[in-house]
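Notes follow once the structure below has been shown.
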Amino acid sequence: MNNTETCNKFCDIHGEYEASRFFMFTSWSSWSRCLLCQEDDDRTEKNKSESDLCRKIIESSGIPKRFLSLSDSSYVPKNTVDDRNYRICIKYAIDFNKNLEIGVPIIMHGNTGTGKTHLSCLIARNVILMHKKYAKFTTAHNMFSFVKSSFNKEAGYTDMEAVSSYTVPDLLVIDDVGVQFCSSTERMIMFQVINGRYENRLPTIITTNLCIERLIEVLGERCFDRLNEHAHIMHFNWESNRKSMRQTRSIIPIIDQREVYGTDEEHEHTAME
Ligand SMILES: Nc1ncnc2c1ncn2[C@@H]1O[C@H](COP(=O)(O)OP(=O)(O)O)[C@@H](O)[C@H]1O
Ligand SMILES: [Mg+2]
Ligand SMILES: [Zn+2]
Numbered sequence: 000m001n002n003t004e005t006c007n008k009f010c011d012i013h014g015e016y017e018a019s020r021f022f023m024f025t026s027w028s029s030w031s032r033c034l035l036c037q038e039d040d041d042r043t044e045k046n047k048s049e050s051d052l053c054r055k056i057i058e059s060s061g062i063p064k065r066f067l068s069l070s071d072s073s074y075v076p077k078n079t080v081d082d083r084n085y086r087i088c089i090k091y092a093i094d095f096n097k098n099l100e101i102g103v104p105i106i107m108h109g110n111t112g113t114g115k116t117h118l119s120c121l122i123a124r125n126v127i128l129m130h131k132k133y134a135k136f137t138t139a140h141n142m143f144s145f146v147k148s149s150f151n152k153e154a155g156y157t158d159m160e161a162v163s164s165y166t167v168p169d170l171l172v173i174d175d176v177g178v179q180f181c182s183s184t185e186r187m188i189m190f191q192v193i194n195g196r197y198e199n200r201l202p203t204i205i206t207t208n209l210c211i212e213r214l215i216e217v218l219g220e221r222c223f224d225r226l227n228e229h230a231h232i233m234h235f236n237w238e239s240n241r242k243s244m245r246q247t248r249s250i251i252p253i254i255d256q257r258e259v260y261g262t263d264e265e266h267e268h269t270a271m272e
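Each residue of the sequence shown is one higher than the one before, counting from 0 in numbering that gives the first Met the number 0.
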């Protein structure tokens, strides 16, 4: 007995197609579906699982909420140097797989409020959305705290595990290096993270308010050398964007300013972030 049968069927979307069915044990299977419909369903399922994966990576990335929803066009370069920085960042994310092969780092340094955190988050976000790669954002302060907490036996994780949570991601952003960075333990943590990533050729982005000479002093030469190899070094040496945002606000009568933007204390707090 022939245990396969075919017949012509009609799909409302794709028209006529050849369906088949099989005899198994004691009965016939149902007729096969239109192959094109099946492919559409597979694609939808694949897109859904990809966007679920992106959502999970984004949620665990540590990218601050206020930078998560920003699109590429949310950044408006202030001058030609800024425009060059912006273009390098956009291209860096697009070419991330190439940058991942060589482990190309980025060092962003300059005044506060000039867009370093904004741009580094834009790269991290695009790396996740475009390439489904694992990008992680942290401040130097939080990274030190997390690793140092592991010295406490009750922490539930070892110092090795803490360090490897920073050496494993495809991209790591360490924001605000040098703000409060001086102890020998912190230097050692920074070296372990940067060196671990360097050995695995994984790219790291550093943002700092320090000039390069001070950054070398703070990181130590060995650590800086590992970053400096192949690195894009970007300068952000213009006036704080936060300052110009405050000046724009001061045009509004004082009585309205408080309602719209909050008190001076809140301003200072934001300016120090
Ligand atoms: N070129 C720019 N275009 C749009 N927003 C900007 C730009 N530069 C800075 N900002 C905004 O100004 C604020 C400070 O920028 P931020 O990236 O935190 O500065 P930095 O990390 O250099 O101290 C943020 O709200 C950021 O979105
Ligand atoms: Mg910043
Ligand atoms: Zn069909």
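Virtual Cβ for every residue (Gly too), placed ideally from N, Cα, C.
Predicted model, so just to flag it, every value in this text is computed and none were measured.
Taking only runs of the beta strand (DSSP E) that begin and end inside the stretch 167-255, which ones reach a length of at least 3 residues, in chain order? 170-176, 203-207, 231-235
Going by the C-beta, is LYS115 closer than 8 angstroms to any heavy atom of ligand 2? yes
In whole angstroms, give me the CA-to-CA distance for ASN84 and TYR197. 23 angstroms
Confirm, please, whether the CB-CB distance from HIS231 to ILE93 is below 9 angstroms. no
Considering just the uninterrupted stretch of the alpha helix (DSSP H) at CYS36, what are its terminal residues? 34-59
Runs of beta strand (DSSP E) wholly within the stretch 53-136 (minimum 3 residues, chain order): 105-109
In this structure, how does DSSP classify TYR16 when only helix, strand and coil are distinguished? strand
Quick test of the definition: if touching needs 3 or more C-beta pairs under 8 angstroms, does the stretch 108-121 touch the stretch 198-215? yes
Length of the line joining the Cα atoms of LEU34 and THR5: 14 angstroms
Taking any heavy atom of ligand 3 as the mark, which residues have a C-beta closer than 7 angstroms to it, listed down the chain? CYS10, ILE12, HIS13, TYR16, CYS33, LEU35, CYS36
Straight-line CA distance for THR79 to GLY195? 35 angstroms
Sort ASN125, THR157, ASN7, MET189 by Cα distance to ASN141 and report the nearest one. MET189
Same chain, Cβ closer than 8 angstroms to THR71, neighbours up to 5 away in sequence not counted: Correcting the residue type first, residue 71 is Asp in the shown sequence and not Thr. Cβ neighbours of ASP71 beyond the five flanking positions: ILE89, LEU121, ASN125.
GLY219: which of MET187, ILE205, SER239, PRO202 sits nearest, CA to CA? MET187
Opposing strand residues paired with THR5 [DSSP bridges]: SER19
Is ASP41 near ligand 2 - that is, is its Cβ less than 8 angstroms away from at least one heavy atom of it? no
Helix, strand or coil at ASP263 [DSSP, three-state]: Low local confidence applies: a pLDDT of 39 at ASP263 is under 50, so the model's placement there is unreliable, and no value is given.
Would the beta-carbon of ALA139 fall within 9 angstroms of that of LEU170? no
Under the three-state reduction of DSSP, which class applies to SER163: helix, strand or coil? helix
My understanding is that ILE173 touches THR137, with C-beta atoms under 8 angstroms, so please give their C-beta distance in whole angstroms. 6 angstroms
Cβ-Cβ distance between SER31 and PHE22 below 9 angstroms: no
C-alpha distance - TYR74 paired with ARG65, whole-angstrom precision: 13 angstroms
Proximity below 9 angstroms, CB of ASP113 to CB of PHE235: In the sequence under discussion, the amino acid at residue 113 is Thr, which differs from the Asp named in the question. It is a contact, given that the beta carbons lie within the stated cut-off.
Mark MET159 as exposed unless 16 or more other C-beta atoms lie within 10 angstroms of its C-beta, in which case mark it buried. exposed
Look at ILE57 and HIS229 and say whether their C-beta atoms are less than 9 angstroms apart. no
Cα-Cα, which of LYS55, SER164, ASN7 is closest to GLU17? ASN7
Alpha carbon to alpha carbon, how far is SER148 from ALA154? Give it in angstroms, no decimals. 6 angstroms
Excluding sequence positions up to five away, which residues of its chain have a Cβ less than 7 angstroms from the Cβ of CYS36? CYS10, ILE12, HIS13
Cβ of THR166 within 8 angstroms of any heavy atom in ligand 2? no
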